[in-house]
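Enquirer: Next up is a structure, given as structure tokens.
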Amino acid sequence: MRMIYYVCSMCALICLMRTSSASVFKDSVKCTEGSVAADVDDCASYFQCLDDEAVHINCPNGSYFEANNEVCVVDEFEICPTSTRKCFEGDLFVDFNDCAAYLICLRGNLVKQKCSLGSYFNIISKSCRLDRRAVCTPQREICKEGERTEDSKDCAGYLECARGALVKKKCPSGSYFEAIFKLCQVDEKGVCSTSSNHCSEGEVQVAPNNCAGYLTCQNGKLETKSCPSGSFLNPL
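Rendered as structure tokens:
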């Protein structure tokens, strides 16, 4: 009788240990950065430790989490029945082949979308973020010297490629970055609400796209003026 009780107790202890080891990773506030663990409740997803938090991540549609190699693989032999599940409209997923892109669910299918130049897809926020810390190294190779791109967080500024990295730049006061022509334009129509139209009376500034002209402040607004023929404005 004691032997039976002992065996049952050991089995219960083993089951408890297995359950708790899986839940510890889920619920633990601190974990080893970058470590992954299978989701025991869903073979088509897993947990990854990011910024001391266990983040739940779904494998792309038609794949499952292979625990031995700790990667999502294509479910050719239908090992995981949930790998063929339909995604929900608008859901975002990581693109494991391109850190500067993501997958979005459209009409039940995953469609690849690219982040803007110099950005990467952040798993935690599920959004494209400016790659200030070179998180996505392949993205830096795309940047061409002198190339400009709009700054999604600042309509009165832009990003310019310098030595393989994107550097934040500001347009002159009272102007905004025009994304099509990739130039700073005088904000006469108030396109950019963050660009300041207030200036000091008589103040002179460089015209963004005209070296033979300049901007002067009149009645609190910047107005375009032209230099005499054959001359240009020296900002110094």
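According to mature numbering (1 follows the signal peptide of the UniProt record, and there is no 0), the sequence shown holds residues -22 to -1, 1 to 214 in order.
Here a beta-carbon is modelled for each residue, glycine too, at the ideal position from N, C-alpha and C.
As the structure is a prediction and not an experimental result, all values here were calculated from the model.
(1) Contact check, L88 vs P150 under 8 Å by CB: the rounded distance?
(2) Give me the Cα-Cα distance between S130 and C106, rounded to the nearest whole angstrom.
(3) In the DSSP assignment, the beta strand (DSSP E) including V164 goes from what residue to what residue?
(4) Is it buried or exposed for G152, if we count other Cβ within 10 angstroms and need 16 for buried?
(5) Does the Cβ of C162 lie closer than 7 Å to at least one heavy atom of the ligand COA?
(6) Evaluate contact between the stretch 96 to 106 and the stretch 69 to 80, counting only Cβ atoms and requiring at least three cross-stretch pairs below 8 Å.
(7) What is the C-beta distance between S13 and C27, in whole angstroms, given that I count them as a contact (C-beta under 8 Å)?
(8) Do you know whose CA, among C121, A32, C205, lies nearest A190's CA?
(9) Got a sec? Which residues, its chain only, sit under 6 Å from C77 by beta carbon, not counting five neighbours each side?
(10) Taking just the CA atoms, how far does R141 sit from residue 220?
Expert: Concretely, from the data shown:
(1) Here residue 88 is taken as the residue at index 110 of the sequence shown, counted from 1. Here residue 150 is taken as the residue at index 172 of the sequence shown, counted from 1. Rounded, the Cβ-Cβ distance is 43 Å, inconsistent with contact.
(2) Taking the sequence shown and counting its residues from 1, the one referred to as residue 130 is at position 152. Taking the sequence shown and counting its residues from 1, the one referred to as residue 106 is at position 128. Taking the straight line joining both Cα atoms gives about 10 Å.
(3) As a first step, residue 164 must be located in the sequence shown, where it is residue number 186. 161 to 164 is the extent of the beta strand (DSSP E) around V164.
(4) The count along the sequence shown starts at 1 and reaches residue 152 at position 174. Buried, by the Cβ-count rule.
(5) No copy of the ligand COA appears in this structure; indeed no ligand is present at all.
(6) The stretch 96 to 106, when compared against the stretch 69 to 80, does touch it at the 8 Å Cβ threshold.
(7) For this step, residue 13 is matched to residue 35 along the sequence shown. For this step, residue 27 is matched to residue 49 along the sequence shown. Confirmed, Cβ separation roughly 5 Å.
(8) Here residue 190 is taken as the residue at index 212 of the sequence shown, counted from 1. It is C205.
(9) Counted from its first residue, the sequence shown places residue 77 at position 99. Answer for C77: Y98, C114, listed in chain order.
(10) The structure shown has nothing for residue 220, since the chain only spans -22 to 214.
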